[in-house]
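Numbering (our numbering), first residue to last: 989 to 1149.
Quick reminder that beta carbons are idealized off the backbone N, C-alpha and C, glycines included.
Just below is one structure, and these are the notes that go with it.
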């Protein structure tokens, strides 16, 4: 877990250097990204707030994911994770929003979305939203840890030249 804290600390330093703030909207990680970000001393300078939107209802009510997207694509999808990130970005008035939605397992997977499938979105204040899907191996804890690591590392890589 030390590598996750180290990533969060480095991301925080990059956010300070760029004078940016971050927020999160998380499903399969249950607030794990926010946990590591706020474990960094001084994170209140660059971290506003976070949402754990585990259910479809929470995604709709808390970060304004349209019910039509949830019905058409399902929670673990590019359109939904984009809407999660963009809703969080707007509500938190942040510069970057990180959103994740996936199937951590051990059950809940399908042929189209097997256990280990995670959609990511990084919404930026200038209007761009990056998305990516990853397929992680391992048990529930391993999938969640890999998700947290990838979410933080991608944001850090985008912020550092």
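At which residues does the alpha helix (DSSP H) containing residue i begin and terminate?
i            : result
residue 1057 : 1055-1061
residue 1002 : 990-1006
residue 1127 : Note, residue 1127: premise wrong, no alpha helix (DSSP H); not H, not E.
residue 1014 : Run containing residue 1014: none in the alpha helix (DSSP H); it sits in the beta strand (DSSP E), 1010-1014.
residue 1051 : 1044-1051
Check whether the Cβ atoms of residue i and residue j sit closer than 7 Å, and answer yes or no.
i            : j            : result
residue 1040 : residue 1018 : yes
residue 1088 : residue 1014 : yes
residue 995  : residue 1099 : no
residue 1093 : residue 1103 : yes
Need the endpoints of the beta strand (DSSP E) that residue i sits in, please.
i            : result
residue 1118 : 1117-1123
residue 1085 : 1084-1090
residue 1106 : 1105-1112
residue 1040 : 1035-1040
Does the beta-carbon of residue i have 16 or more other beta-carbons within 10 angstroms, so that it is buried, or is it exposed?
i            : result
residue 1005 : exposed
residue 1030 : exposed
residue 1132 : buried
residue 1074 : buried
Identify, in the order they occur along the chain, each residue of the same chain with its Cβ nearer than 7 Å to the Cβ of residue i, setting aside the five sequence neighbours on each side.
i            : result
residue 1061 : 1067, 1068
residue 1053 : 1047, 1068, 1071, 1072, 1075
residue 993  : 1024, 1027
residue 1055 : 1048
residue 1065 : 1107
For residue i, which residues from the same chain have a beta carbon less than 8 Å from its beta carbon, with the 5 sequence-adjacent residues on both sides left out?
i            : result
residue 1034 : 1000, 1003, 1004, 1008, 1009, 1010
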